[in-house]
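Note sheet for the following structure.
Residue numbers (UniProt numbering): 1 to 547.
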């Protein structure tokens, strides 16, 4: 094949006209590169000093350049001609080197060792004229050029800056905002529990805003909804996430499954600072202990890990609201630490939907209209500003402190519930929705009232240890009775100074620790300190044991 084009530009144009299109583009300061449908040519000087057009390769061009605003990585979209058809492939800009780029001949790009450097030389010249755009993979609040904005399908709050979402979730809006509002008015308003579910979802950007911009430590809000099937748990999760994206487990929706590995579940939250995520059916999970995950969710960051070189890996973070569902309480598969109940709030055995028809209408309607309301609400938050959002949350925190059952944990609980109620108030204003905030407060009161009963780790441990002692009386020596057991755990005695029906049980320290571990009580010192305060423990001064 003759690669030379002897009669200069005219011959190039004649050859190009043989193709279906006659587009000819010149590149370079001397216009010594030509790209046409016939191929890529370069004007070079031969040994006689004459300028000639030499064919370098088939049509190869950068269609567009995309830069990720978080990682700064650049991706090139390459259009090329192979075997009678045009194709397109995306590559990292770092692949524009001979060793890597030549491997793309396996995809049909006309590059080999004899021409790869020339093709790369042309692409580096041509990329200066290629369309340039930004993209993002994360979601939620960020600062761009020192201005606060929100990463969703596009950037919210920074009209002059355009970036397209290319992450793992389907958050591109579908339907209309009015269509979504119609569904909410007809199927949610009037049902206090579903209205509260709406507040769960809308709280995500509030949590993200406070966590990333206020300078305060604000945990990810973890809400667990549990109960028997057909209670509307998944429907409640759909209501919660629908303002921000597809409310489904299908098609990269915002509802994910608990049936995944520990690391896969954590990865779902990375880089999310304001979009709610739902984890459906914890009952299907093979995870035996949810305690580490609950702590990690709330702390907004992964565990620190070392890489192969001994340095620290990048530690991914997040700050949002996570809605979990199951047929059982998460605390059935955790240790008994009170701290867990400060980080996860359970709404158990609630009937969320009023009927099967109500659930079906919500499922159908929300899958037709989603993603718009979240954008509108974020715009409203930007309009209010950080200071006013913080004031709203503080106001409702104080209201909760004055209303909820008194406990040692009321301040921490009130902070979380205050965010939910402040969110409900702002949603009410942003969409002119008649939300029943007093009704929500009553639900939160009942939730905290039940949680307070279950929260006392010392009392739980006491009841558990007494139960184990009664199960294994033969393992204890008793006054004036022969020991018939195979293993001795300690001694049961009836001291003269004890009140009626009271006994003293002495347990070997190693056995006591073992029993607590078997009961998922991970901190014996906390248990013993509470026992000392309640008068359950007889020990030497400054110690938890007696000789």
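Think of the CB as a built atom: it goes at the ideal place given N, C-alpha and C, for glycine as much as any other residue.
Note that the coordinates shown come from a computational prediction; the quantities given were computed from them, not determined experimentally.
Can you list, in chain order, the residues of its chain whose CB lies under 6 Å from that of residue i, leaving out five sequence neighbours each side?
| i | result |
| --- | --- |
| residue 81 | 58, 59 |
| residue 493 | 479, 504 |
| residue 272 | 139, 140, 318, 320 |
| residue 240 | 197, 200, 201, 276, 323 |
| residue 464 | 519 |
| residue 485 | 474, 475 |
| residue 516 | 524 |
| residue 43 | 32, 51, 53 |
| residue 407 | 452 |
Sort the options by Cα distance to residue i and report the nearest one.
| i | options | result |
| --- | --- | --- |
| residue 366 | 134, 253, 285, 397 | 253 |
| residue 467 | 241, 518, 443 | 518 |
| residue 279 | 528, 382, 229, 266 | 266 |
| residue 209 | 477, 382, 471, 450 | 382 |
| residue 167 | 154, 30, 384 | 154 |
| residue 77 | 89, 285, 67 | 89 |
| residue 128 | 28, 426, 84, 404 | 28 |
| residue 150 | 353, 378, 215 | 378 |
| residue 346 | 284, 443, 285 | 443 |
| residue 23 | 527, 32, 183, 36 | 36 |
| residue 351 | 391, 337, 230, 475 | 230 |
| residue 513 | 159, 527, 255 | 527 |
| residue 535 | 458, 304, 508 | 458 |
| residue 373 | 247, 143, 134, 306 | 247 |
| residue 384 | 263, 532, 157, 516 | 157 |
| residue 295 | 96, 132, 338 | 338 |
| residue 220 | 388, 270, 182, 226 | 270 |
| residue 510 | 490, 502, 496 | 490 |
| residue 172 | 432, 403, 371 | 371 |
| residue 284 | 311, 135, 226 | 226 |
| residue 206 | 530, 176, 416 | 416 |
| residue 130 | 146, 99, 74, 176 | 74 |
| residue 181 | 430, 311, 501, 348 | 430 |
| residue 274 | 401, 487, 218 | 218 |
| residue 152 | 506, 411, 204, 355 | 204 |
| residue 222 | 472, 413, 70, 389 | 413 |
With residue i and residue j assumed to form a contact (beta carbons below 8 Å), what rounded beta-carbon distance in angstroms separates them?
| i | j | result |
| --- | --- | --- |
| residue 317 | residue 301 | 5 Å |
| residue 461 | residue 521 | 5 Å |
| residue 343 | residue 298 | 4 Å |
| residue 174 | residue 369 | 7 Å |
| residue 335 | residue 291 | 5 Å |
| residue 245 | residue 137 | Between residue 137 and residue 245 the Cβ distance is about 14 Å, and since that is not below 8 Å, they are no contact. |
| residue 249 | residue 257 | 6 Å |
| residue 363 | residue 178 | The pair is not a contact, with the Cβ atoms about 19 Å apart (cut-off 8 Å). |
| residue 63 | residue 148 | Actually they are not in contact, since the Cβ atoms of residue 63 and residue 148 sit about 33 Å apart, beyond 8 Å. |
| residue 135 | residue 68 | 6 Å |
| residue 83 | residue 108 | 7 Å |
Within a Cβ cutoff of 8 Å, which residues of the same chain sit near residue i, ignoring the five residues on either side of it in sequence?
| i | result |
| --- | --- |
| residue 548 | Residue 548 is absent from the model: the chain starts at 1 and stops at 547. |
| residue 547 | 540 |
| residue 525 | 544 |
| residue 102 | 111, 112, 113, 116 |
| residue 428 | 434, 435, 437 |
| residue 288 | 333 |
| residue 454 | 331, 341, 460 |
| residue 359 | 232, 235, 353 |
| residue 405 | 445, 448, 449, 452 |
| residue 21 | Unreliable positioning characterises residue 21 in this predicted model, as indicated by a pLDDT of 39, which lies under 50. A coordinate reading is not provided. |
| residue 25 | 34, 35, 36 |
| residue 30 | 43 |
| residue 538 | 504, 546 |
| residue 390 | 210, 214 |
Here's a check: name, in chain order, each residue in its chain whose Cβ is nearer than 7 Å to the Cβ of residue i, leaving out the five neighbours to either side.
| i | result |
| --- | --- |
| residue 554 | Nothing about residue 554 can be read from this structure; the chain reaches only from 1 to 547. |
| residue 79 | 61, 63, 86, 88 |
| residue 262 | 287, 293 |
| residue 403 | 441, 445 |
Taking 7 Å as the cut-off, is the C-beta of residue i nearer than that to any heavy atom in the ligand NAD?
| i | result |
| --- | --- |
| residue 333 | The ligand NAD is not part of this structure, which contains no ligands at all. |
If we require 4 or more residues per run, which alpha helix (DSSP H) segments fall completely within the stretch 384–418? Counting whole runs of 4 or more residues, the stretch 384–418 contains the alpha helix (DSSP H) stretches 386–403.
Can at least three beta-carbon pairs, one atom from the stretch 178–198 and one from the stretch 116–125, be found at a separation below 8 Å? Contact fails between the stretch 178–198 and the stretch 116–125, because fewer than three Cβ pairs, one in each stretch, are under 8 Å apart.
For the pair the stretch 416–429 and the stretch 394–401, tell me if three or more CB-CB distances fall below 8 Å. Contact holds between the stretch 416–429 and the stretch 394–401, because three or more Cβ pairs, one in each stretch, are under 8 Å apart.
Below 8 Å, how does it come out for the stretch 162–180 and the stretch 312–327: are there three or more Cβ pairs, yes or no? Touching, no, given that fewer than three Cβ pairs across the two stretches are closer than 8 Å.
Fully enclosed by the stretch 208–280, which beta strand (DSSP E) runs are 3 residues long or longer? Counting only runs of 3 or more, we get 221–226, 255–257, 277–280.
Can you give, in chain order, each stretch of the alpha helix (DSSP H) that sits fully within the stretch 107–170 and has at least 4 residues? If one requires a minimum length of 4 residues, the alpha helix (DSSP H) runs lying completely within the stretch 107–170 are 116–126, in chain order.
Tell me the start and end of each unbroken beta strand (DSSP E) in the stretch 13–74 that is at least 3 residues and wholly inside, in chain order. Considered as a whole, the stretch 13–74 harbours 24–27, 33–36, 39–45, 51–57, 60–68 as its complete beta strand (DSSP E) runs of no fewer than 3 residues, in chain order.
Can you list the beta strand (DSSP E) stretches of 3 or more residues lying completely in the UniProt domain "Cch helix turn helix" (457–547), in chain order? The UniProt domain "Cch helix turn helix" (457–547) contains these whole beta strand (DSSP E) runs: 476–478, 490–493, 504–507.
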